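For the sequence shown, this note's numbering assigns the number 995 to the initial residue and increments by one for each residue that follows. The beta-carbon is built from N, C-alpha and C at its ideal position, and this holds for glycine as well. Treat the numbers as computed from the prediction; the structure is a model and nothing was measured.
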Amino acid sequence: MGMGNMLYFPAIEIESIETQLINWRNQYPLMGILVMLPEAEKQMAPTLQALCNRQRIPLCGAIFPQLIFAAEFHCSGVCLLRFDRMPYMALHDNVPHDTPGAVDTAENIAAGLVEHLDDDTPATLFLLLDAMLPNISTLLDEIYLRLANRVNYAGVNAGSETFQPMLCLFDNQKVVGNGVLALLLKPHQGAILEHGYQINQQLLPATSTDGNRIIQIDWRPAFEVYQELVQTQYGVEINRDNFYQYAVHFPFGILRANHSVLVRIPVMLDDDNALFCVGEVPPNAMLTLLEAPQVDSQVTLQTLQQGLAELRGDPAGSELLLFYCAGRRLHLGEQAALDELGAFSRATQTSAMAGALALGEIGGSTLWGYPLFHNGTLLTAEWGRCP
């Protein structure tokens, strides 16, 4: 079940949940909740909306492939995370997939936030997005143009691990797909994320791209080049029949000017031999092939722990959000992923840990830095010390 601000109900028993919400509200009259549901419980979103409306409790929520609680993955139940005072929240649906649409959406998100950024209180813009949006990096660019470093940036993608359209974001009134849920957490120092992949020395340009679609690599059909790279470097033959089985184990890395690497996981293949990735790939990006066994979990966990300590001091005893990339779990296998969760929990000595399997993660390149869209990471932030 959990304690404090974070609770996990293994089964969605409305009477038990309602009793807990009433107890919370008696202590925190201005409270709100963040609800996280696993995909297998998606039909319960309207029931939880009705419950919160009956009790006049504001809520926001998202549906993920699975939940995380107490260093384990869960495919049933519900996580409830309490805000002592409901923060500013806005649910934007019907987000257009083109660049002008991203500009308009960013303008709407920023316009709603500005009046809540009228002091020096540190704030984090936490975004929950539908993983089916193909223009998330563009959207982040446009938001940053309007808000710059007035906020920290963090967030994750919700939705189905099958990458089929699904209504996955909700507030008190709506359950939507193709949307963005924006939360302004104040005071809040931001989030830390890390993937631990190491780059391969061979780099090739993405000579033709369209959003999250890689059409050509080095002036040749993207899938043909991808097949050759995997065969040459790792001795694995990928074809159309086994693409989904193997591609998740051989993601691309985008090498940035500061030598950091953004992971992009291929998830679909079209009839023109173009590859669809989770997250946009800029034109002429320099690509390298990454292999899952090169993930260095020890370095990853040390980076996360050190980052939390730099943000707010020793995280021991605090309540932590933790999101774990679904693709990373596929790479490493479920047991290795569970081992990472357990090692992270022990290293941080957290009092409670809640989150979900994510379909893409958002974090700044540095504290107060530019927001970047990632795959393959763990993302963590403090929850229990927030108001």
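Provide the residue span of the alpha helix (DSSP H) that contains T1226, from first to last. For the purposes of this step, residue 1226 is taken as residue 232 along the sequence shown, with counting starting at 1. Note, T1226: alpha helix (DSSP H), A1216 to Y1228.
P1094 lies in the alpha helix (DSSP H); which residues open and close that run? Counting from one through the sequence shown, the residue named residue 1094 turns up at place 100. Taken as a continuous stretch (DSSP letters only), the alpha helix (DSSP H) holding P1094 covers T1093 to V1108.
Measure the alpha-carbon distance for V1108 versus G1358 and round it to whole angstroms. Here the question's residue 1108 lines up with position 114 in the sequence shown. Here the question's residue 1358 lines up with position 364 in the sequence shown. So the two alpha carbons sit approximately 20 Å from each other.
Which residues in the same chain have their Cβ closer than 7 Å to the Cβ of L1133, if we skip the five residues on either side of it in sequence? The residue labelled residue 1133 in the question sits at position 139 within the sequence shown. Counting only Cβ-Cβ distances below 7 Å, and skipping sequence neighbours, we find A1096, T1099 and A1100.
Can you tell me whether P1381 is buried or exposed? The criterion is at least 16 other CB atoms within 10 Å of its CB, across all chains shown. Looking up residue 1381 in the sequence shown gives position 387. Residue placement at P1381 cannot be trusted, given a pLDDT of 39 that sits under 50; what the coordinates show is reported in the next sentence. So P1381 ends up on the exposed side.
Measure the alpha-carbon distance for E1009 versus Q1210 and round it to whole angstroms. Counting from 1 along the sequence shown, the entry for residue 1009 is found at position 15. Counting from 1 along the sequence shown, the entry for residue 1210 is found at position 216. Roughly 55 Å separates the two Cα atoms.
Which term fits V1072, buried or exposed, when burial requires 16 or more other beta carbons within 10 angstroms of its beta carbon? For the purposes of this step, residue 1072 is taken as the residue at position 78 of the sequence shown. The residue in question, V1072, is buried, as its Cβ has 16 or more Cβ neighbours within 10 Å.
Ignoring anything shorter than 3 residues, give me the beta strand (DSSP E) runs that lie fully in the segment 1017 to 1074, in order along the chain. 1026 to 1032, 1053 to 1058, 1061 to 1063 and 1066 to 1068
Put N1151 into one of helix, strand or coil per three-state DSSP. The residue given as residue 1151 occupies position 157 in the sequence shown. Here N1151 sits in strand by DSSP.
Okay, do the segment 1212 to 1229 and the segment 1258 to 1270 touch, 3+ Cβ pairs below 8 Å being the bar? yes
Let me know the secondary structure DSSP gives L1281 once reduced to three states. Translated into positions along the sequence shown, residue 1281 becomes position 287. It is a strand residue.
Close beta carbons around R1379, own chain, < 7 Å, minus the five adjacent residues each side: Here residue 1379 is taken as the residue at index 385 of the sequence shown, counted from 1. With a pLDDT of 48 at R1379, under the threshold of 50, the modelled position of that residue is not reliable, and no figure is offered here.
Closest by C-alpha distance to D1165, when choosing among A1251, L1053 and F1244: On the sequence shown, residue 1165 is found 171 positions in, with the first residue counted as 1. Here the closest residue by C-alpha is L1053.
Opening and closing residue of the alpha helix (DSSP H) in which S1339 lies: For the purposes of this step, residue 1339 is taken as residue 345 along the sequence shown, with counting starting at 1. Counting along the chain, the alpha helix (DSSP H) containing S1339 begins and ends at E1328 to T1342.
Report yes or no: do three or more beta-carbon pairs, one from the segment 1345 to 1353 and one from the segment 1173 to 1192, lie closer than 8 Å? no
Does the segment 1112 to 1120 come close enough to the segment 1336 to 1349 that 3 or more CB-CB pairs lie under 8 Å? no
Go ahead and pull the three-state DSSP assignment for L1163. Residue 1163 sits at position 169 when you count from the first residue of the sequence shown. Strand at L1163.
Let's see if you can read the secondary structure: which residues bound the alpha helix (DSSP H) around L1127? Taking the sequence shown and counting its residues from 1, one reaches residue 1127 at position 133. No alpha helix (DSSP H) holds L1127; DSSP gives it neither H nor E.
For the structure I just gave you, are there three or more beta carbon pairs, one from the segment 1293 to 1304 and one from the segment 1027 to 1045, closer than 8 Å? no
For Q1292, which of V1255, H1110, Y1238 and F1338 has the nearest alpha-carbon? As a first step, residue 1292 must be located in the sequence shown, where it is residue number 298. Q1292 has its Cα closest to that of F1338, out of V1255, H1110, Y1238 and F1338.
So, with DSSP's three-state summary, where would you put H1325? The sequence position of residue 1325 within the sequence shown is 331, counting from 1. H1325 falls in the helix class under three-state DSSP.
When the Cβ atoms of the segment 1131 to 1146 are set against those of the segment 1362 to 1379, are three or more pairs found closer than 8 Å? yes
Do A1152 and A1185 have their C-beta atoms closer together than 9 Å? Position 158 of the sequence shown holds residue 1152. Position 191 of the sequence shown holds residue 1185. It is not a contact, given that the beta carbons lie outside the stated cut-off.
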